[in-house]
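Student:
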Amino acid sequence: MEMFIMGLTIFVLAIFVGFEIITKIPPTLHTPLMSGSNAISGITVVGAVLSAGAQHTALTTTLGVLAVIFATINAVGGFMVTNRMLAMFKKKS
Amino acid sequence: MSALITIGYLLASVLFILGLKGLTHPRTAVQGNMFGAAGMLLAVVLTLTNQHILSYEMIILGLIIGGAIGAALAIKIEMTSMPELVAAFNGFGGMASVLVAGAALLENTLDGEIPMMQFTIAIAVSGLIGAVTFWGSLVAFGKLKGLIGDSAVLFSGQQIINAVLAVGALALSCWVVLDPANGSAYWLLVGVASVLGVLLVLPVGGADMPVVVALLNSYSGLAAAATGFVLSNNVLIITGSLVGASGIILTQIMCKAMNRSLTNVLFGVMAPVGDGGPSADDVYGGKVKSTSPEEVALLFEAARRVSIIPGYGMAVSQAQHPVASLAALLESRGTTVEYGVHPVAGRMPGHMNVLLAEADVPYEALRDMDETNEDIDQVDVALVIGANDVVNPMARTDPNSPIAGMPIIDVDKAKVVVIITWVCWNT
Numbered sequence: 024m025e026m027f028i029m030g031l032t033i034f035v036l037a038i039f040v041g042f043e044i045i046t047k048i049p050p051t052l053h054t055p056l057m058s059g060s061n062a063i064s065g066i067t068v069v070g071a072v073l074s075a076g077a078q079h080t081a082l083t084t085t086l087g088v089l090a091v092i093f094a095t096i097n098a099v100g101g102f103m104v105t106n107r108m109l110a111m112f113k114k115k116s
Numbered sequence: 152m153s154a155l156i157t158i159g160y161l162l163a164s165v166l167f168i169l170g171l172k173g174l175t176h177p178r179t180a181v182q183g184n185m186f187g188a189a190g191m192l193l194a195v196v197l198t199l200t201n202q203h204i205l206s207y208e209m210i211i212l213g214l215i216i217g218g219a220i221g222a223a224l225a226i227k228i229e230m231t232s233m234p235e236l237v238a239a240f241n242g243f244g245g246m247a248s249v250l251v252a253g254a255a256l257l258e259n260t261l262d263g264e265i266p267m268m269q270f271t272i273a274i275a276v277s278g279l280i281g282a283v284t285f286w287g288s289l290v291a292f293g294k295l296k297g298l299i300g301d302s303a304v305l306f307s308g309q310q311i312i313n314a315v316l317a318v319g320a321l322a323l324s325c326w327v328v329l330d331p332a333n334g335s336a337y338w339l340l341v342g343v344a345s346v347l348g349v350l351l352v353l354p355v356g357g358a359d360m361p362v363v364v365a366l367l368n369s370y371s372g373l374a375a376a377a378t379g380f381v382l383s384n385n386v387l388i389i390t391g392s393l394v395g396a397s398g399i400i401l402t403q404i405m406c407k408a409m410n411r412s413l414t415n416v417l418f419g420v421m422a423p424v425g426d427g428g429p430s431a432d433d434v435y436g437g438k439v440k441s442t443s444p445e446e447v448a449l450l451f452e453a454a455r456r457v458s459i460i461p462g463y464g465m466a467v468s469q470a471q472h473p474v475a476s477l478a479a480l481l482e483s484r485g486t487t488v489e490y491g492v493h494p495v496a497g498r499m500p501g502h503m504n505v506l507l508a509e510a511d512v513p514y515e516a517l518r519d520m521d522e523t524n525e526d527i528d529q530v531d532v533a534l535v536i537g538a539n540d541v542v543n544p545m546a547r548t549d550p551n552s553p554i555a556g557m558p559i560i561d562v563d564k565a566k567v568v569v570i571i572t573w574v575c576w577n578t
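Taken in order, these protein sequences are the chains called D and R. For the first sequence, my numbering gives the first residue as 24, with consecutive numbering after it. For the second sequence, my numbering gives the first residue as 152, with consecutive numbering after it.
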């Protein structure tokens, strides 16, 4: 239970941090914000890697590997496309 | 060792926060994104050192396949198709949460442990939100891509069916919590949540898609946070809540920009169109005339300050490059050129800015709606291109207009307005 309360505390505080930072992001960058935040939500890959490598049963390994694939598409694709977009935002030359 | 890993995860979380903070200015944004990517790399490498991992082949296979697909999509995608890509990525994140929670439940059952209730609740929440996100995002993807009808799909009894599904999903969640050893309850829950995800997005019309994509963005974050509770892993909880907050904020901004409530968007309700109020003729009568390129050129010649108001029509007709050339020409003659970008000018939040940046428009020239409206009365020529709702003054005066109350860019206060569009006024 203590673990859960700790987790909940972190969850609530992180939401406040999120609100503070994200309200300061200008509308110009809202699309990169979406793709970039999308990329970091690929963090689920951490859990996926554990399931894929723990060798419990064939089924859990399969679920884990599929999750690794989905989460990695999300993370790698998200960071790369965000980088591509942000590189286009240039100052007046 | 495990303390070291935990500290490493904390460092990854800090990198994610710094990454988002970098996005507060275009100058620091590229670096911010790098911080985020570094945080992700750190988290994955740390996880690979976990002693519970017995075999690396399948992990590496998964990372390679996922990385290759992700990279290919990121490199090939057209900027106009960005909303589809983000919708798809949201969905993949949701699916990853469904699978991780499912695997965690199975592993727990196999170990013969009696799981704690907070663990099973987190499993049910991951499965529920994850499945809604995945299927909702697929429908959003289909709509944005034009594979499914762009218009709102409405049928009678839809809301009753949704309500029944929602209650069913809650009941199945309780079953998962009370009887976690029963493997089928979780997958049944995922099934019902999948149908719910499809039906929730199906009634949403094409113009409201930016709201839905932002909302699904938030869901994918919440699903990741729920998975964090399943695994008791703080980096997932922190990251998930950051993304959840971001999606909620963008959803609010989009709803406000369209003067639509979230419930109206989700249930496909459009404001009823009635009569009354000043008619379009009262507002526009005698003030509108057609023009020619020569006349417009003369207007531009005399203008000292020009504001370009782009709409999605400009992007559809791939006109952003000629528009940018026109702006460059005007600037070389000493005219000030700026862009007034309405929040819903594209197909997702901030979309129009990306399309203009792609056409080499410098970010200093991109101004949001409030900045534009502040001094639009000093603009000599407002060039509205491929937009109409976002500048339609009927939104201010006609309470029965479908866009009544929607904040607009007040181009009617500029000295001259030039409108290029293929749609005739029919309000």
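Think of the CB as a built atom: it goes at the ideal place given N, C-alpha and C, for glycine as much as any other residue.
1) Tell me, please, whether the CB atom of A81/D is closer than 8 Å to any CB atom in chain R?
2) Taking S64/D as the reference, which of G170/R, Q202/R, Q182/R has the closest Cα?
3) Considering only their Cβ atoms, is the gap separating G244/R from A374/R smaller than 8 Å?
4) Is S248/R close to chain D? Criterion is C-beta to C-beta, closer than 8 Å.
5) Would you list the one or two residues that DSSP bridges to D519/R?
6) Show which residues of chain D have a CB atom less than 7 Å away from the CB atom of S324/R.
7) Counting along the chain, where does the beta strand (DSSP E) carrying I459/R start and finish?
8) Could you check the C-alpha separation between L214/R and P49/D for me, to the nearest Å?
9) Between V457/R, R455/R, D511/R, T271/R, which has its C-alpha nearest K115/D's C-alpha?
10) Would you report the Cα separation of A239/R and S441/R, rounded to the nearest angstrom?
11) Examine chain A for any beta-carbon lying closer than 8 Å to the beta-carbon of T402/R, and answer yes or no.
12) What residues in its chain sit with their C-beta under 6 Å from that of V195/R, if we drop five residues either side in the sequence?
13) For N504/R, decide whether its Cβ has a neighbour in chain D, counting only Cβ atoms nearer than 8 Å.
14) With DSSP as the reference, label A538/R as helix, strand or coil.
15) What are the boundary residues of the beta strand (DSSP E) that includes I570/R?
16) Please report how far the alpha carbon of Q269/R lies from the alpha carbon of M230/R, in whole angstroms.
17) Looking at the structure shown, is A376/R part of a helix, part of a strand, or coil, going by DSSP?
18) Under 8 Å, Cβ to Cβ, is there at least one residue of chain D near K564/R?
19) Could you give the DSSP three-state label for A77/D: helix, strand or coil?
20) Decide if W573/R is buried, meaning its Cβ has at least 16 other Cβ atoms within 10 Å, or exposed.
21) Using the beta-carbon of each residue, which ones in chain D are nearer than 9 Å to D519/R?
22) Leaving out the 5 sequence neighbours to the left and right, which residues in its chain are closer than 8 Å to V237/R when beta-carbon positions are compared?
23) From I204/R to A77/D, what distance separates their C-alpha atoms?
24) Exposed or buried, what is N106/D when buried is set at 16 or more other beta-carbons lying within 10 Å of its beta-carbon?
25) So what does DSSP say about A110/D, is it helix, strand or coil?
26) Please decide whether P500/R counts as near chain D, where near means a Cβ-Cβ distance under 8 Å.
27) Is there a C-beta anywhere in chain D that falls below 8 Å from the one on F186/R?
28) What is the DSSP secondary structure of V530/R, reduced to helix, strand or coil?
29) Taking CB distances under 8 Å as the criterion, tell me whether T157/R reaches chain D.
30) Thinking C-alpha only, which one of V505/R, E489/R, T548/R is nearest E97/R?
31) Just to confirm, is the Cβ distance from V91/D to L199/R under 8 Å?
32) With three or more beta-carbon pairs closer than 8 Å as the criterion, would you say the stretch 452 to 467 of chain R touches the stretch 528 to 539 of chain R?
33) Going by CA-CA distance only, name the one from S164/R, I228/R, I216/R, A223/R that's closest to T95/D.
34) In three-state terms, what does DSSP make of T487/R?
35) Would K294/R count as contacting chain D if we go by Cβ distances under 8 Å?
36) Does the Cβ-Cβ distance between L329/R and T80/D come in under 8 Å?
Tutor: According to the structure shown:
1) Working through the first sequence from its first residue, we reach residue 81/D at position 58. Taking Cβ atoms only, chain R never reaches closer than 8 Å to A81/D, which makes this a no.
2) Sequence index remark: in the first sequence, residue 64/D carries index 41 (1-based). The shortest C-alpha separation from S64/D is found at G170/R.
3) Translated into positions along the second sequence, residue 374/R becomes position 223. Translated into positions along the second sequence, residue 244/R becomes position 93. Yes. Within cutoff.
4) As a first step, residue 248/R is located in the second sequence; it is residue number 97 there, counting from the start. Yes, because at least one Cβ of chain D sits closer than 8 Å to the Cβ of S248/R.
5) Counted from its first residue, the second sequence places residue 519/R at position 368. Residue pairing from DSSP places D519/R in a beta bridge opposite V492/R.
6) For the purposes of this step, residue 324/R is identified with residue 173 of the second sequence, where counting begins at 1. Neighbours of S324/R on chain D: none; closest Cβ ~17 Å, over 7 Å.
7) Mapped onto the second sequence, residue 459/R falls at position 308. Here the beta strand (DSSP E) through I459/R covers 456 to 461.
8) Mapped onto the second sequence, residue 214/R falls at position 63. Mapped onto the first sequence, residue 49/D falls at position 26. Roughly 33 Å separates the two Cα atoms.
9) For the purposes of this step, residue 115/D is identified with residue 92 of the first sequence, where counting begins at 1. Shortest Cα-Cα distance from K115/D to any of V457/R, R455/R, D511/R, T271/R involves D511/R.
10) Stepping through the second sequence from its first residue, residue 239/R is reached at position 88. Stepping through the second sequence from its first residue, residue 441/R is reached at position 290. Approximately 42 Å, taken between the alpha carbons.
11) Included in the structure are the protein chains D and R, with no chain A among them.
12) Within the second sequence, the letter at position 44 stands for residue 195/R. Excluding residues within five positions, none has a Cβ falling inside 6 Å.
13) Looking up residue 504/R in the second sequence gives position 353. So yes, N504/R belongs to the interface.
14) Residue mapping note: residue 538/R aligns to position 387 of the second sequence, counting from 1. Correct three-state label for A538/R: coil.
15) Residue mapping note: residue 570/R aligns to position 419 of the second sequence, counting from 1. Per DSSP, I570/R belongs to the beta strand (DSSP E) from 567 to 571.
16) Taking the second sequence and counting its residues from 1, the one referred to as residue 269/R is at position 118. Taking the second sequence and counting its residues from 1, the one referred to as residue 230/R is at position 79. Each residue's alpha carbon lies about 42 Å from the other.
17) Translated into the one-based positions of the second sequence, residue 376/R becomes position 225. Looking at A376/R - three-state DSSP - the assignment turns out to be helix.
18) In the second sequence, residue 564/R corresponds to position 413, counting from 1. Judged by the 8 Å Cβ criterion, K564/R is not in contact with chain D.
19) Taking the first sequence and counting its residues from 1, the one referred to as residue 77/D is at position 54. Reduced to three states, the DSSP call for A77/D is coil.
20) As a position in the second sequence, residue 573/R is number 422, starting the count at 1. It counts as exposed.
21) Walking along the second sequence from the start, residue 519/R turns up at place 368. In chain order, P49, P50, T51 make up the part of chain D whose C-beta sits under 9 Å from the C-beta of D519/R.
22) For the purposes of this step, residue 237/R is taken as residue 86 along the second sequence, with counting starting at 1. Hits under 8 Å: V364, N368, M499.
23) Numbered from 1 along the second sequence, position 53 holds the residue referred to as residue 204/R. Numbered from 1 along the first sequence, position 54 holds the residue referred to as residue 77/D. Each residue's alpha carbon lies about 5 Å from the other.
24) Residue numbering aside, residue 106/D sits at position 83 when the first sequence is read from its first letter. Classification for N106/D: buried.
25) What you label residue 110/D is simply residue 87 of the first sequence in a count that begins at 1. Correct three-state label for A110/D: coil.
26) Sequence index remark: in the second sequence, residue 500/R carries index 349 (1-based). Chain D contact via Cβ: present.
27) Your numbering for residue 186/R matches position 35 in the second sequence. No - not a single Cβ of chain D is within 8 Å of the one on F186/R.
28) Stepping through the second sequence from its first residue, residue 530/R is reached at position 379. Three-state DSSP puts V530/R in coil, outside helix and strand.
29) Translated into the one-based positions of the second sequence, residue 157/R becomes position 6. No - not a single Cβ of chain D is within 8 Å of the one on T157/R.
30) This structure cannot settle anything about residue 97/R, because the visible part of chain R is limited to 152 through 578.
31) Here residue 91/D refers to the residue found at position 68 when the first sequence is read from its first residue. Here residue 199/R refers to the residue found at position 48 when the second sequence is read from its first residue. Using a Cβ distance threshold of 8 Å, V91/D and L199/R do not count as a contacting pair.
32) yes
33) Position 72 of the first sequence holds residue 95/D. Taking the Cα of T95/D as reference, the smallest distance to any Cα among S164/R, I228/R, I216/R, A223/R is reached at I216/R.
34) The count along the second sequence starts at 1 and reaches residue 487/R at position 336. Reduced to three states, the DSSP call for T487/R is strand.
35) For the purposes of this step, residue 294/R is taken as the residue at position 143 of the second sequence. Chain D contact via Cβ: absent.
36) What you label residue 329/R is simply residue 178 of the second sequence in a count that begins at 1. What you label residue 80/D is simply residue 57 of the first sequence in a count that begins at 1. With contacts defined as CB atoms closer than 8 Å, L329/R and T80/D fail to qualify as a contacting pair.
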